[in-house]
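Heads up: the sequence lines are chains V and D, in that order.
Quick note on our numbering: the first sequence kicks off at 1 and runs consecutively.
Quick note on our numbering: the second sequence kicks off at 1001 and runs consecutively.
For each residue, glycine too, the CB sits at the ideal point set by N, CA and C.
One structure below.
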Amino acid sequence: MSRMQNAVVESVKTVLGWVPAQWLPGGTPDPLILRRAAIGRQASRLDGPEKVRGQARFAAEVAMDRLCYASLVHSTVTLGRITRLDTANAEAAPGVILVMTHRNMPRIGTLALIGLTDLSAVGNSSLPIMQEPAVRYNGQVVAAVVAETQEEADHAASLIEIDYAVDTAKTRFDDAKDKARTPASILIEKNHVSVGNAERELGRAPHRVDNIYRTPGHNHNAIELHGVTVAWQGGSLVVHDATQMIAPSANALAKLFGLKKEQVRVLSPFVGGGFGGKGLWDHQVVAVAAARLVDRPVRLMLSRDSVYRMIGGRSPTEQRVAIGADADGQFTALVHTGYSIMPPYGACPEQYTLGTRALYRSKSFEIVQRHVDLDVVPNTFMRAPGEAIGTFAVECAIDELAHAIGIDPIELRRRNEPDRHPISDAPFSQRALTQAYADGAKRFGWERRLAEPGARHDGEWRIGMGCASGSFPYARMPGANVRITLRRDGSATVSCSAQEMGMGTATVQVQHAADRLGLPVEAITFEMGDSALPAGPMAGGSSQTVSVAGAIMAATEKLTGELLRLAGNDSPIAGLRAGDVRLVDGGIAGINDPSRRESYRSILARAARDEVTVSAAGSAPLEMLKFAMHSSSAIFCELRVSKVTGEVRVDRLLGSFDCGTILNPKTAASQFKGGMIMGLGLALTEETLFDERSGRIMNATLADYHIPSHLDVPEIDVMWTGIADPRSPLGARGIGEIGITGVAAAVANAVFNATGKRIRDLPVTLDKLL
Amino acid sequence: MAIRINGTDVAVPDDARVSLLDLLRERLHLTGSKVGCNQGACGACTILVDGERALSCLTLAVQMDGRSVTTIEGLGSAEDPHALQTAFIEHDGFQCGYCTPGQICAAAAMLREIEAGVPSYVTPDLTAPVLVSREEVRERMSGNLCRCGAHNGIVDAILQVAAERAA
């Protein structure tokens, strides 16, 4: 992103600063905030019966006639070019239909990187895909075999012989730091923020901490492997994909293969976990090309090894956090700088400093990120990109400062709680982090914590408590479209290409549409997971629920107008305008005079209509630019550390969240807990081991990359303020990512409280505690 | 040569390389058994062989000649779901639903293992009868990974079914 973009975003923000709030989306709070029936109720997932019976159909499970199978070959070198490529044995192997390499892959362009430029820009890598002999990273796909069965394809792939001329690759993080780039912006925020003179304030501060924190690479590790089933039907393309970005992927594939938008259909009704990893990568493109060459449907399901090799994860980081405080503990300097990997052909800046800007008040700030260029598979967004690991550094530093000053870390946070955005000075739309801390501390029993580290013992165990703040920004995506069809029998169908990866998308939008349309939940059907439906935004940035909700709001306004028109002059509601009525109890009623009402059935019958259909897009999400909109949380952890082995056992974990209206407590609790459990992995076990000599990932298996298992996961407690955000649809903010934020710091802070050892290098493994 | 799968005899495939998992998914279209790693690390492919849990990705189909295999599709139906299937919905023991069939198959066999008195790493007394507890369930289900983080709901669902059976 460029300086030009900084200028544009800044000027829009400045203009919006002058525009009265009531002119903007959310200017008048969504009336459903106060008038909820289905929203806010515990509801089991609508797709539960299918999922528990194994009947939910995932991308690599679609049956097709004449289906054949693909297997991939990956580069075993990091940088270089192919000098010899012998495919003869593979081509002669039983069942083989095609061996595809850069020599015979159809010539295509490159993908536009994820960005703000257009809605088909969803590429994670701008490198050519099997177009040339050059190899740019270890594990890049260099050949594909298509055969009658998977077994035949896998065997033939093992018969391909490749020699490489190897160039010297950039694979060492520390070496590459010297040439790090300083980008002008990080996503839509200016990168370098300098308020006052933070280094000078730091030097003068009576209390200060100044440390380096390191976080390793991580992989998403959704249990479902990336997979596609692809079929060309005439000139059209059908892709059953596992993707978080259905509509944008269809657009991008159309562009890449020279098709019209309507010639590409991407279907993805269920995704077996995404977490940022289920985007558009090389494998979909290879499968589409192979299916064209063999003129048959092709299935390509990556092996777990392939997922590590060709789907990027979270970048490692090295972060410096320094905080200076006056005698009362008020911050005079907050410094957050660091390095992460972002190759020039990647899209993800790992925004670990963005959350820091909104967390605390300080007299001065110095914030900047630098990008290290390595020859690696491009890193990408992974659950709470930025904040998941940024909060580790900042929230450990807060704990360290509190210990140095000798005050409670919650009290230190309270003293520095901002009342407006500390850098932009924009008002918060709603923020109750202090209350979340108070509620959480009470339920957790924080008062039982001993401030002195290493003071609690139980046999071989040292026991400690820690806490930390989490944060994640609100986002509502532009380009969310829905269609609503309301029928005379009082049923309605809401359609949007939205994604379901376990968030409960349909469940919650049915609850929403029921309240919005004044119908019972049983009357609503939510169609999704298909690019042939009105285009929804990608599922990312914890934004899908409010983005789709905003589009349903807009479509409902249109529907109301249409119904008033159809009602005509003979209706009890004749003469009322859209602003005078609400949709309630299966019909339209006057707000001031509810006795003036008419049912949908009656309106449509009189108009001789079976149904009425409207389509609409959500309003531009200008509220994001006028207000500081963030979810926040207080995470509490109690754990034991073995004096003998250094083993850490987390006994209790509590999350107290301030995330606006909670739409479905049952599915929301699951999302919070799921994030927190991924946070436990981040804290204690997860690490993508990268061999800096060879440029190759060393633990590309679920046996060697340790995600939390049942025995690692204690009973987790979650609670929330439930205070509605007056600026967002339904008063809701995203909840999918905030759960992971703050957890690693809460764990590391508890480890310090238990042992007196400060671990600033994730994960907190046994060896670091002995 | 035949394998009994969910009560129906199925021919053993000609290609000896075919895993039981690939036989189920690609040839019989029983896609309830999932593939997450193909190396026995994640448990998503868990099925029952003569009532005991097994990883179908590490099992060659030819090894199953004469054996009886039950998959998630054979465990319960829409009209008559298994108690675990109902309890998983009630306790929200899943999000994306991908590891779920493996979790449920593993849980069904795991409860029988406890009933049979098979001890585990966390069993406090190897000479006393094994009791169902949260700790036992967590330990014994640790071969089934879940990335969405539905662990609490999964364990709650299993404990509820165990309690109902004991009652």
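When only Cα atoms are considered, G196/V and A333/V end up about 9 Å apart. Within the segment 2–26 of chain V, the runs of alpha helix (DSSP H) that reach at least 4 residues and sit entirely inside it are, in chain order, 3–18. Using a Cβ-Cβ cut-off of 7 Å, A668/V does not count as an interface residue toward chain D, since no Cβ of chain D sits closer than that to its own. Per DSSP, the unbroken alpha helix (DSSP H) holding D515/V starts and ends at 505–517. In terms of Cβ geometry, A289/V and V230/V do not form a close pair [threshold 7 Å]. Scanning D295/V, E61/V, P378/V for the CA closest to the CA of E1026/D turns up E61/V.
Looking only at A134/V, S126/V, A93/V, V52/V, the smallest Cα-Cα distance to Q1103/D is reached by V52/V. In the three-state scheme derived from DSSP, where H, G and I count as helix and E and B as strand, R265/V is classed as strand. Interface annotation for the segment 1144–1160 of chain D against chain V: N1144, L1145, C1146, R1147, C1148, G1149, A1150, H1151, N1152, G1153, I1154, V1155, criterion Cβ-Cβ distance under 8 Å.
Sequence-ordered contacts of the segment 709–727 of chain V with chain D read S709, H710, L711, D712, V713, P714, E715, I716 [C-beta pairs closer than 9 Å]. Per DSSP, M100/V lies in no alpha helix (DSSP H); the unbroken beta strand (DSSP E) holding it starts and ends at 96–101. Close CB contacts of M1110/D within its chain, under the 6 Å cut and outside five residues either way in sequence, are with R1140 (chain order). Listed in chain order, the positions of the segment 1088–1121 of chain D with a beta carbon within less than 8 Å of a beta carbon of chain V are F1088, I1089, E1090, D1092, F1094, Q1095, C1096, G1097, Y1098, C1099, T1100, P1101, I1104. Here DSSP, grouped into helix, strand and coil, assigns P248/V to helix.
Judged by pairs of C-beta atoms under 8 Å, the segment 93–109 of chain V touches the segment 292–306 of chain V, as three or more such pairs exist.
One finds Q150, E151 in chain V with Cβ atoms closer than 8 Å to the Cβ of D1022/D, taken in chain order. F1088/D sits in a helix when the DSSP states are folded into three classes. Listed along chain D, the residues sitting closer than 9 Å to T701/V by beta-carbon distance are C1037, Q1039, A1041. In this chain, the beta strand (DSSP E) harbouring L300/V covers 298–301. Proximity to M678/V across K643/V, S642/V, I716/V, L34/V peaks at I716/V, based on C-alpha coordinates. Closer than 7 Å to the CB of G1066/D there is not a single CB belonging to chain V.
With a cutoff of 7 Å on beta-carbon distance, M501/V and C1037/D are scored as not near each other. By DSSP's assignment, Y164/V forms a beta bridge with I82/V.
Two segments are said to touch when three or more pairs of C-beta atoms, one from each, lie closer than 8 Å; by this definition the segment 345–357 of chain V touches the segment 380–391 of chain V. At least one CB atom of chain D sits nearer than 7 Å to the CB of S44/V.
In this structure, T560/V keeps its C-beta atom at 7 Å or more from the C-beta atom of G470/V. Distance check between V376/V and each of E395/V, V368/V, Y345/V, A21/V places Y345/V closest, using alpha-carbon atoms only. DSSP links V494/V through a beta bridge to I484/V, F526/V.
In this structure L1126/D is exposed. Its beta-carbon is surrounded by fewer than 16 other beta-carbon atoms within 10 angstroms.
Taking 8 Å as the Cβ-Cβ cut-off, the segment 663–696 of chain V approaches chain D at K666, T667, A669, S670, Q671, K673, G674, G675, M676, I677, M678, given in chain order. Against chain V, the CB of A1054/D has no partner CB under 7 Å away; the residue lies outside that interface. For G234/V, the closest C-alpha among the options R309/V, E201/V, W461/V, Q263/V is that of Q263/V. For the set H155/V, G736/V, H218/V, the Cα lying nearest the Cα of L682/V is the one of H218/V. Contact annotation: T380/V and G312/V have beta-carbon atoms nearer than 7 Å.
For M501/V, the nearest beta carbon of chain D is closer than 7 Å to its own beta carbon. The Cβ of V650/V sits no closer than 7 Å to any Cβ of chain D.
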